[in-house]
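A.B. asks: One structure is given below, represented as structure tokens, and several questions about it will come after.
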Amino acid sequence: MQMLDINTASLPLSVVRIEVERLFGKYTYTLEKKDNNPHIDSSLIILYGDNGSGKTTILKLLFHLLSTGKQRGHLTFLAKTPFANFSVFLADGTSIIASRKNENLIGSFQLKVLQKNHVTFSTEVYADIDNDVKNIHKKIQDYEFYRNFIKMRLSLFFLGDDRVLDSDMFDGQEELKDEQKYKQFLLSKMANFLEEKPSLNRELTLSISIHRTEEWIRDQALRGANEGEANVHNIYEEIITRILQTSGSLVEEELSESPEMLIRELKAHEDRSKDFSSFGLMSPLDTQKIVNVLKSNTKTDSSIISRVLKPYLDSVTARFDALQDTQNLLTIFETTINKLFFRDKYIRLHVRDGLKIFTDEGKELSPETLSSGQKQLLLLFCNTLTARDKATIFIIDEPEISLNIKWQRQLIHALLELTKGSQVQFILATHSIELLSQYNNNVVKLVKMEK
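The numbering used here puts the sequence shown at residues 211 to 661.
What follows is the structure in structure tokens.
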């Protein structure tokens with residue numbers, strides 16, 4: 211079985227259509243946006259329907275079908291849920307289908323992947339008498355193909371009405387590289403474990419998410435530092451070349467930038483560096499000494515200095531440019547949470563210190579002290595930020611839970627801003643009038659199809 215080569219840069223790996231037949235034995239839906247051109251933005255789909263119409267179950271089926279973590283109950287959930295066919299269609303032409311051939315709507319099913327109507331994978335998934343899937347029978351190699359096929363393309367997150375974020379990304383706590391920090395967290399919570407297990411799960415997930423965000427920021431800063439280091443050799447080469455160019459007779463027409471222009475450029479770099487240094491992405495530039503030297507020297511001396519400084523300034527500009535997208539994202543993250551969602555407190559992001567929460571008086575707070583709504587927001591923002599590097603689908607059941615009307619109005623806009631230009635998609639189910647009216651073009655209504 212050979213995997214087809216798909217150019218994932220040409221079309222987003224987003225869900226464009228969901229089909230379900232005989233859900234609970236009675237609901238058949240085709241769910242897609244009115245204008246379903248795969249070349250237009252598909253970063254948001256909102257499912258809307260009456261209570262009991264199957265919205266939450268459809269979201270869970272989507273999550274478990276596209277999640278491939280081992281021993282996490284994904285296939286068992288599919289086996290235990292009554293349906294005849296559940297199909298997910300992606301913008302790149304891939305279809306993932308779980309189907310049953312007989313009248314029995316639960317238990318074993320067939321799993322199939324098509325690419326542009328060509329079957330690239332098919333296997334039977336066998337459930338036991340309790341409808342549990344404990345192994346894939348003799349087709350384990352085929353299923354490994356399926357796991358790798360999906361895993362390398364998509365990451366999935368599911369936020370249910372219990373406000374616990376679920377994802378294979380959290381499997382094995384791999385993201386908590388600081389083992390001591392993880393142990394301390396568990397020990398601090400052990401006393402409350404029996405009486406408040408759901409709360410522990412939420413706090414643990416939030417702790418992992420914050421840690422992953424801190425690691426992501428450090429990785430971005432390291433990339434920028436590497437960009438600067440890569441230019442060091444070229445800088446010295448150019449400096450030597452420019453010195454040699456000025457070591458003979460200096461022709462007036464060949465003079466570099468005027469001292470005034472160079473001073474303006476130095477000051478602009480100093481000002482720009484402040485935007486990056488506030489997050490610890492680089493040290494702030496102090497150009498005053500160089501400016502003083504330029505002001506106190508002759509035109510010829512300033513020209514020589516200019517020729518020497520220009521390669522350095524070019525390298526700083528290159529590092530600015532390498533970190534600009536990261537700086538923009540961190541600014542959106544900070545300002546959105548602080549201005550729209552937090553009162554009497556604020557967050558700070560920094561490469562060295564990580565993500566910290568403070569009162570307006572400057573007292574540091576633990577994330578555990580946040581309200582349930584604030585925890586939910588921070589959880590979403592952290593995982594949205596770190597998800598930008600890979601095609602990711604966030605599935606959220608009733609995002610309005612724990613959020614007031616004002617926050618409901620601002621939440622989706624903020625998440626879309628944070629993921630602009632990435633392959634991140636949000637699929638929601640909601641009853642919120644605020645969300646439905648604000649994003650009417652993204653709403654897909656569950657309308658039962660008559661057979």
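Cβ atoms here follow ideal geometry from the backbone N, Cα and C, with glycine treated the same way.
Note that the structure is a prediction, hence the values are computed from the model and not measured.
Counting only runs that start and end within the region 519 to 603, where is the alpha helix (DSSP H) found for 4 or more residues in a row?
C.D. replies: Those alpha helix (DSSP H) runs which fall completely within the region 519 to 603 and span 4+ residues are 582 to 596.
A.B. asks: Okay, do the region 613 to 631 and the region 411 to 421 touch, 3+ Cβ pairs below 8 angstroms being the bar?
C.D. replies: Contact between the region 613 to 631 and the region 411 to 421 is absent, because fewer than three Cβ pairs lie under 8 angstroms.
A.B. asks: From residue 270 to residue 475, what distance separates their C-alpha atoms?
C.D. replies: Position 60 of the sequence shown, counting from 1, holds the residue named residue 270. Position 265 of the sequence shown, counting from 1, holds the residue named residue 475. So the alpha carbons of these two residues sit roughly 55 angstroms apart.
A.B. asks: Could you give the distance in angstroms between the alpha-carbon of residue 591 and the alpha-carbon of residue 233?
C.D. replies: For this step, residue 591 is matched to residue 381 along the sequence shown. For this step, residue 233 is matched to residue 23 along the sequence shown. If I take the Cα positions, the gap works out to 33 angstroms.
A.B. asks: Between which two residues does the alpha helix (DSSP H) harbouring residue 309 extend?
C.D. replies: Here residue 309 refers to the residue found at position 99 when the sequence shown is read from its first residue. First-last for residue 309: 304 to 309, but that is the beta strand (DSSP E), not the alpha helix (DSSP H).
A.B. asks: Can you round the beta-carbon distance between residue 298 and residue 225 to whole angstroms, since I take them to be within the 8 angstroms contact cut?
C.D. replies: Residue 298 sits at position 88 when you count from the first residue of the sequence shown. Residue 225 sits at position 15 when you count from the first residue of the sequence shown. The pair is a contact, with the Cβ atoms about 6 angstroms apart (cut-off 8 angstroms).
A.B. asks: When DSSP labels each residue in this structure, what does residue 392 get in the three-state scheme?
C.D. replies: The residue labelled residue 392 in the question sits at position 182 within the sequence shown. Low per-residue confidence applies at residue 392: pLDDT is 49, beneath 50, and the placement is therefore not dependable enough to give any value.
A.B. asks: Please name the residue or residues paired with residue 482 in a DSSP beta bridge.
C.D. replies: For the purposes of this step, residue 482 is taken as residue 272 along the sequence shown, with counting starting at 1. In the DSSP output, where bridge partners are listed per residue, residue 482 has none listed.
A.B. asks: Quick one: residues in its chain with C-beta nearer than 6 angstroms to the C-beta of residue 310, no 5 flanking neighbours on either side, listed in chain order?
C.D. replies: Here residue 310 is taken as the residue at index 100 of the sequence shown, counted from 1. Correct list, in chain order: 294 and 319.
A.B. asks: Is the distance from the Cβ of residue 634 to the Cβ of residue 597 below 7 angstroms?
C.D. replies: Stepping through the sequence shown from its first residue, residue 634 is reached at position 424. Stepping through the sequence shown from its first residue, residue 597 is reached at position 387. Yes. Within cutoff.
A.B. asks: How would you write the range of the beta strand (DSSP E) that residue 322 sits in, first residue to last?
C.D. replies: Taking the first residue of the sequence shown as position 1, residue 322 is located at position 112. Residues 319 to 325.
A.B. asks: Exposed or buried, what is residue 593 when buried is set at 16 or more other beta-carbons lying within 10 Å of its beta-carbon?
C.D. replies: For this step, residue 593 is matched to residue 383 along the sequence shown. Buried: at least 16 other Cβ atoms inside 10 Å.
A.B. asks: Would you grab the beta carbon distance between residue 535 and residue 555 for me? Rounded to a whole angstrom, and I think it's under 8 angstroms.
C.D. replies: Translated into the one-based positions of the sequence shown, residue 535 becomes position 325. Translated into the one-based positions of the sequence shown, residue 555 becomes position 345. The pair is not a contact, with the Cβ atoms about 27 angstroms apart (cut-off 8 angstroms).
A.B. asks: Alpha carbon to alpha carbon, what distance is there between residue 424 and residue 549?
C.D. replies: Here residue 549 refers to the residue found at position 339 of the sequence shown. Here residue 424 refers to the residue found at position 214 of the sequence shown. Cα to Cα, the separation comes out at about 21 angstroms.
A.B. asks: Please work out which residues of its chain come closer than 6 angstroms, Cβ to Cβ, to residue 296, disregarding the five sequence neighbours upstream and downstream, and give them in chain order.
C.D. replies: Residue mapping note: residue 296 aligns to position 86 of the sequence shown, counting from 1. So the list reads 230, 271 and 308, once near-sequence residues are dropped.
A.B. asks: Can residue 276 and residue 292 be called in contact, C-beta distance under 7 angstroms?
C.D. replies: One-based indexing of the sequence shown puts residue 276 at position 66. One-based indexing of the sequence shown puts residue 292 at position 82. No, these two residues do not count as a Cβ contact at 7 angstroms.
A.B. asks: Under the three-state reduction of DSSP, which class applies to residue 232: helix, strand or coil?
C.D. replies: Within the sequence shown, numbered from 1, the residue matching residue 232 stands at position 22. If DSSP states are grouped into helix, strand and coil, residue 232 belongs with the strands.
A.B. asks: Among the candidates 577, 500 and 288, whose CA atom is the shortest distance from the CA of residue 516?
C.D. replies: Numbered from 1 along the sequence shown, position 306 holds the residue referred to as residue 516. Residue 516 has its Cα closest to that of 500, out of 577, 500 and 288.
A.B. asks: Report yes or no: do three or more beta-carbon pairs, one from the region 249 to 269 and one from the region 320 to 334, lie closer than 8 angstroms?
C.D. replies: Short answer: they don't touch.
A.B. asks: Thinking residue 654 and residue 243 are a contact (beta carbons under 8 angstroms), I'd like their distance in whole angstroms, please.
C.D. replies: The sequence position of residue 654 within the sequence shown is 444, counting from 1. The sequence position of residue 243 within the sequence shown is 33, counting from 1. Indeed, because the Cβ distance is near 6 angstroms, the residues count as touching under 8 angstroms.
A.B. asks: Does the region 522 to 530 come close enough to the region 600 to 616 to have 3 or more Cβ pairs within less than 8 angstroms?
C.D. replies: Touching, no, given that fewer than three Cβ pairs across the two stretches are closer than 8 angstroms.
A.B. asks: Provide the residue span of the alpha helix (DSSP H) that contains residue 255, from first to last.
C.D. replies: Translated into positions along the sequence shown, residue 255 becomes position 45. Note, residue 255: premise wrong, no alpha helix (DSSP H); beta strand (DSSP E) at 254 to 258.
A.B. asks: Please classify residue 376: does DSSP put it in a helix, a strand, or coil?
C.D. replies: Position 166 of the sequence shown, counted from the first residue, corresponds to residue 376. Correct three-state label for residue 376: strand.
A.B. asks: Would DSSP call residue 629 helix, strand or coil?
C.D. replies: The residue you call residue 629 lines up with position 419 of the sequence shown. Coil.
A.B. asks: Excluding the 5 residues flanking residue 615 on each side, which residues of the same chain have their C-beta closer than 7 angstroms to its C-beta?
C.D. replies: Here residue 615 refers to the residue found at position 405 of the sequence shown. Cβ neighbours of residue 615 beyond the five flanking positions: 644.
A.B. asks: Would you kindly report the start and end of the unbroken alpha helix (DSSP H) that includes residue 238?
C.D. replies: Against the sequence shown, residue 238 aligns to sequence position 28. Note, residue 238: premise wrong, no alpha helix (DSSP H); beta strand (DSSP E) at 237 to 241.
A.B. asks: Taking a contact to mean a Cβ-Cβ separation below 7 angstroms, would you say residue 380 touches residue 418 in this structure?
C.D. replies: Locating residue 380 in the sequence shown gives position 170, counting from the first residue. Locating residue 418 in the sequence shown gives position 208, counting from the first residue. For residue 380 and residue 418, yes; Cβs fall inside 7 angstroms.
A.B. asks: Just the Cα atoms here: how many angstroms apart are residue 341 and residue 290?
C.D. replies: Taking the first residue of the sequence shown as position 1, residue 341 is located at position 131. Taking the first residue of the sequence shown as position 1, residue 290 is located at position 80. Residue 341 and residue 290: Cα-Cα distance of roughly 6 angstroms.
A.B. asks: So, helix, strand or coil for residue 605, using DSSP?
C.D. replies: If you number the sequence shown from 1, residue 605 lands on position 395. Note: residue 605 maps to strand in three-state DSSP.
A.B. asks: Less than 7 angstroms between the C-beta atoms of residue 481 and residue 537, yes or no?
C.D. replies: For the purposes of this step, residue 481 is taken as residue 271 along the sequence shown, with counting starting at 1. For the purposes of this step, residue 537 is taken as residue 327 along the sequence shown, with counting starting at 1. Not a contact, by the Cβ cut-off of 7 angstroms.
A.B. asks: So what does DSSP say about residue 615, is it helix, strand or coil?
C.D. replies: Position 405 of the sequence shown, counted from the start, is the residue given in the question as residue 615. Helix, per DSSP.
A.B. asks: Can you list, in chain order, the residues of its chain with a C-beta nearer than 7 angstroms to that of residue 551? Leave out the 5 residues immediately preceding and following it.
C.D. replies: Here residue 551 refers to the residue found at position 341 of the sequence shown. 584, 587 and 617, listed in sequence order.
A.B. asks: Going along the chain, which residues of its own chain have a beta-carbon closer than 6 angstroms to the beta-carbon of residue 237, five neighbours each way excluded?
C.D. replies: Looking up residue 237 in the sequence shown gives position 27. Around residue 237: 264 and 658.
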